[in-house]
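Comments concern the structure below.
Numbering (my numbering), first residue to last: 31 to 283.
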């Protein structure tokens with residue numbers, strides 16, 4: 031049975047449920063929300079250069095980054111050539127108000143640029159300390175293997191949930207190699223009908239069951255459900271306390 035509560039990324043111990051911030055705008059209320067989410071137990075805050083037109087990174091930067099939490103961001107979504115990618119990393123550093131980004135992903139491989147070339151830019155920044163850990167997103171198993179030939183890969187972020195299982199082989203590859211797998215849109219679908227029945231049996235919400243299944247699915251899983259509600263943050267964190275039976279896990283699987 032995997033540890034349902036914590037996971038180690040690099041040398042940092044993280045709560046196994048993070049926070050997605052693709053809708054986070056730079057308002058005083060949202061800055062306070064980020065701080066409250068960390069106080070509630072969130073240890074991985076996930077953003078990207080593109081999120082909310084850059085306001086997501088700005089709000090997180092304004093909130094500050096407590097020592098207990100890790101901020102991850104991404105670049106190269108529409109253009110992963112070296113120069114545009116460098117410009118995005120530099121802008122993310124300014125928005126986040128930091129000299130070093132804890133975890134930086136290539137947002138997705140660019141079909142017009144060799145993957146090794148894009149990942150090589152992240153290695154440059156890692157080698158000089160402006161990025162601590164490198165990740166890749168929206169990738170196949172083969173692309174993870176290619177990226178690892180260039181630089182150590184600490185995390186992979188793909189679309190994955192109870193219904194979207196295309197990355198099953200990537201999840202298993204990450205588990206075999208000690209790479210954290212970060213599923214985005216972990217709650218985008220309701221999953222099979224059994225979710226509601228299992229949730230009722232545990233006195234939980236269907237969303238909590240969906241997260242609990244992900245945590246049970248692999249010891250390297252760290253879902254990042256997105257929300258702007260502190261109530262939902264606390265609900266999501268509560269999923270780590272749900273112990274699905276073997277039968278329940280297989281029914282959902």
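Where a beta carbon is used, it is the ideal one built from N, C-alpha and C, also for glycine.
Owing to the predicted nature of the structure, the values given are computational and were not obtained by experimental measurement.
Indicate whether at least one CB of chain C lies closer than 8 Å to the CB of residue 163.
No chain C is present in this structure, which holds just one protein chain.
What are the start and end residues of the alpha helix (DSSP H) that includes residue 229?
As a position in the chain shown, residue 229 is number 199, starting the count at 1. Taken as a continuous stretch (DSSP letters only), the alpha helix (DSSP H) holding residue 229 covers 224-232.
Do the segment 134-141 and the segment 106-124 make contact, defined as three or more Cβ pairs closer than 8 Å?
yes
Among residues of its own chain, excluding the 5 on either side of residue 143, which ones have a beta-carbon nearer than 6 Å to its beta-carbon?
Indexing the chain shown from 1 puts residue 143 at position 113. Result list for residue 143: 110, 111, in chain order.
Assuming residue 189 is part of the alpha helix (DSSP H), what are its boundary residues?
Your numbering for residue 189 matches position 159 in the chain shown. Looking at the DSSP string, residue 189 is not in any alpha helix (DSSP H); the run it does join, the beta strand (DSSP E), is 183-189.
Run through the DSSP bridge pairs and tell me what residue 213 is partnered with.
Residue 213 sits at position 183 when you count from the first residue of the chain shown. For residue 213, which the question treats as bridged, DSSP gives the partners 188.
Pull up the distance between the alpha-carbon of residue 66 and that of residue 127, whole angstroms please.
Stepping through the chain shown from its first residue, residue 66 is reached at position 36. Stepping through the chain shown from its first residue, residue 127 is reached at position 97. Their Cα atoms are separated by approximately 19 Å.
Do residue 281 and residue 242 have their beta-carbon atoms positioned less than 8 Å apart in this structure?
As a position in the chain shown, residue 242 is number 212, starting the count at 1. As a position in the chain shown, residue 281 is number 251, starting the count at 1. No.
Per DSSP, what kind of secondary structure is residue 46 in: helix, strand or coil?
Taking the chain shown and counting its residues from 1, the one referred to as residue 46 is at position 16. It is coil, neither helix nor strand.
Pull up the distance between the alpha-carbon of residue 130 and that of residue 161, whole angstroms please.
Along the chain shown, one-based indexing puts residue 130 at 100. Along the chain shown, one-based indexing puts residue 161 at 131. Roughly 5 Å between the two C-alpha positions.
Helix, strand or coil for residue 83 per DSSP?
To locate residue 83, count along the chain shown from 1; it is residue 53. Three-state result, residue 83: helix.
Hey, is the segment 220-229 in contact with the segment 50-58, meaning 3+ C-beta pairs nearer than 8 Å?
With a cut-off of 8 Å, the segment 50-58 and the segment 220-229 do not count as touching, because too few Cβ pairs lie within range.
Hey, how far is the Cα of residue 189 from the Cα of residue 158?
Along the chain shown, one-based indexing puts residue 189 at 159. Along the chain shown, one-based indexing puts residue 158 at 128. Whole-angstrom Cα-Cα distance: 31 Å.
With a threshold of 7 Å on Cβ separation, who are the neighbours of residue 132 within its own chain once the five nearest residues in sequence on each side are excluded?
Translated into the one-based positions of the chain shown, residue 132 becomes position 102. Hits under 7 Å: 100, 101, 102, 162, 163.
Flag this pair as yes or no: are the beta carbons of residue 274 and residue 247 separated by less than 8 Å?
Taking the chain shown and counting its residues from 1, the one referred to as residue 274 is at position 244. Taking the chain shown and counting its residues from 1, the one referred to as residue 247 is at position 217. Note that the C-beta distance between residue 274 and residue 247 is not below 8 Å.
Once DSSP output is grouped into helix, strand and coil, what is the label at residue 137?
For the purposes of this step, residue 137 is taken as residue 107 along the chain shown, with counting starting at 1. Three-state DSSP puts residue 137 in coil, outside helix and strand.
Quick check on the DSSP output: the beta strand (DSSP E) that includes residue 165 runs from which residue to which?
Locating residue 165 in the chain shown gives position 135, counting from the first residue. Note, residue 165: beta strand (DSSP E), 161-167.
So, is residue 124 buried or exposed, given that buried needs 16 or more other C-beta atoms within 10 angstroms?
If you number the chain shown from 1, residue 124 lands on position 94. Exposed, since its Cβ has fewer than 16 Cβ neighbours within 10 Å.
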